[in-house]
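Heads up, this note's numbering is the position in the sequence shown plus 36, with the first residue counted as 1.
Don't be surprised by glycine CBs; every beta carbon is placed ideally from N, CA and C.
Following: one structure in structure tokens, then a few remarks.
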Amino acid sequence: MLRAVVVAVFAGLYCSPIGAAEPAKSIDFNRDVRPILSNHCWNCHGPDEASREAGLRLDQRESAIAVGPEKNRAIVPHDPAASELVERIDATDDTQMPPVSFEKPLTVEQREILKRWIAEGAPYAAHWAFTAPARPNRPKVKQTDWPLNEIDYFVLEKLEGAGLSPAPEADRSTWLRRVTLDLTGLPPTPEEREKFLADQESGAYERVVDRLLASPRYAERMAMQWLDAARYADTNGYNNDEVRTLWPWRDWVIDAFARNMPYDQFLTEQLAGDLLPEATLAQKVATGFNRNHVLTTEGGIIEEEYRIEYVVDRVHTTATVFMGLSLQCARCHDHKYDPLTQTDFYRFAAFFNNIPDKV
37 MLRAVVVAVF AGLYCSPIGA AEPAKSIDFN RDVRPILSNH CWNCHGPDEA SREAGLRLDQ
97 RESAIAVGPE KNRAIVPHDP AASELVERID ATDDTQMPPV SFEKPLTVEQ REILKRWIAE
157 GAPYAAHWAF TAPARPNRPK VKQTDWPLNE IDYFVLEKLE GAGLSPAPEA DRSTWLRRVT
217 LDLTGLPPTP EEREKFLADQ ESGAYERVVD RLLASPRYAE RMAMQWLDAA RYADTNGYNN
277 DEVRTLWPWR DWVIDAFARN MPYDQFLTEQ LAGDLLPEAT LAQKVATGFN RNHVLTTEGG
337 IIEEEYRIEY VVDRVHTTAT VFMGLSLQCA RCHDHKYDPL TQTDFYRFAA FFNNIPDKV
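Quick look at the structure:
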């Protein structure tokens, strides 16, 4: 299961740059409009209630098209000329938006994008991160003999759309180097290279991949990404930065990849392994995930102050690693961009607020 997750991540990384290069064909809210509104408008007309002006939210369609106090509407779908937003972005006097003092003027192209978007009905769209994934249909391609798997069809579609042709297939030596580096972080040995080049039987490529996936080096390579995300270190941090013995948790992560542990089990044991029925020693070690934070042993500190910082660190890391959200922004105020409130932050923090942290 962990291998499947890793493959999916790598596939996304390889495909994304090509997709980003595709020329725009029509106005898309997330691609074309959201960045403009976020960078130029939401500071004063966005989710932050404290800095919001005129009671207008341009991050929500309901507010943007609503009738304002002066009987005007910031956005009138399908009618740019009647939209206050268009009047303001085209203004050259004190009513201009964004104001000159904001020092982020809109370009001619950006103004045209907003006008076209309104003319098309000003459709909003949820951020892709909060949209349930759906399996796309296989795209149609011209060079139907090139794809070897489903992902290849999507890659080829983007290449053909950009007027490009696929690179020639890598020779065996190059392929071996690439796959070995990808899966183990190490180059193939001379002996491994010679053995592969001499293997002309069917399934030679598959045998190499199976060998690499079974290698301890593969588990170590994959574990490194998780250790970094979980902020693993062999020292406590802060000014004293003493050595600490958290390596059993590190070894647990490596072993989980080596055993291809199911992803849900991988997460559960790290978050609450000690709470499982008849928890094993290994499951208790897994909860070391929540002990990866920096730790101070400095004399004279206010212990409660640092205990709270440890709780906050767990909130930051858990939200980032498991949900892909920057929840730390909501510690002091409602999140500026994500649908997260300050209340959400402290409700989340409550889960970690009963963990003792006495050195």
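| query | result |
| --- | --- |
| 8 Å contact criterion, which residue 93 and residue 86 should meet: CB distance rounded | So it is not a contact: roughly 13 Å between Cβ atoms. |
| Best match in 355, 293, 153 for proximity to residue 253 [C-alpha to C-alpha] | 293 |
| DSSP three-state assignment for residue 103, whether helix, strand or coil | strand |
| For residue 88, three-class secondary structure by DSSP | coil |
| Status (buried if at least 16 other CB within 10 Å, exposed otherwise) for residue 73 | buried |
| One or two residues paired with residue 109 in a DSSP bridge | 103 |
| Cβ-based neighbour list, residue 379, same chain, cut-off 8 Å, excluding 5 preceding and 5 following | none |
| Range of the contiguous alpha helix (DSSP H) that encloses residue 249 | 240–249 |
| Buried versus exposed, by CB contacts within 10 Å (16 or more), residue 368 | exposed |
| Whole-angstrom distance between residue 219 and residue 248, CA atom to CA atom | 7 Å |
| When 211, 213, 179 are compared against residue 197, the one with the closest alpha-carbon | 179 |
| Where residue 392 falls, given that 16 or more other Cβ within 10 Å makes a residue buried | exposed |
| Span of the alpha helix (DSSP H), counted from its first residue to its last, around residue 78 | 78–81 |
| Uninterrupted alpha helix (DSSP H) stretches inside the region 311–377 (no shorter than 4 residues) | 317–322, 339–354 |
| CA-to-CA distance, residue 270 to residue 278, given in whole angstroms | 9 Å |
| Terminal residues of the alpha helix (DSSP H) in which residue 182 lies | Premise fails: residue 182 is in no alpha helix (DSSP H) and is neither H nor E. |
| Rounded Cβ spacing between residue 312 and residue 319 (contact assumed at less than 8 Å) | 6 Å |
| Simplified DSSP state of residue 271, which is helix, strand or coil | strand |
| CB contact flag (residue 78, residue 64, <8 Å) | no |
| Straight-line gap, residue 267 to residue 207 (C-alpha atoms, nearest Å) | 39 Å |
| Contact with chain C by residue 312, beta-carbon distance below 8 Å | Protein chain content of the structure displayed is limited to a single chain, and chain C is not contained in it. |
| Sequence-distant residues of the same chain with beta carbon closer than 8 Å to residue 182, five excluded per side | 188, 192, 202 |
| Span of the alpha helix (DSSP H) around residue 391 | No alpha helix (DSSP H) holds residue 391; DSSP gives it neither H nor E. |
| Between the CA atoms of residue 366 and residue 97 - distance to the nearest angstrom | 23 Å |
| Environment of residue 283 [buried if 16+ CB atoms lie within 10 Å] | exposed |
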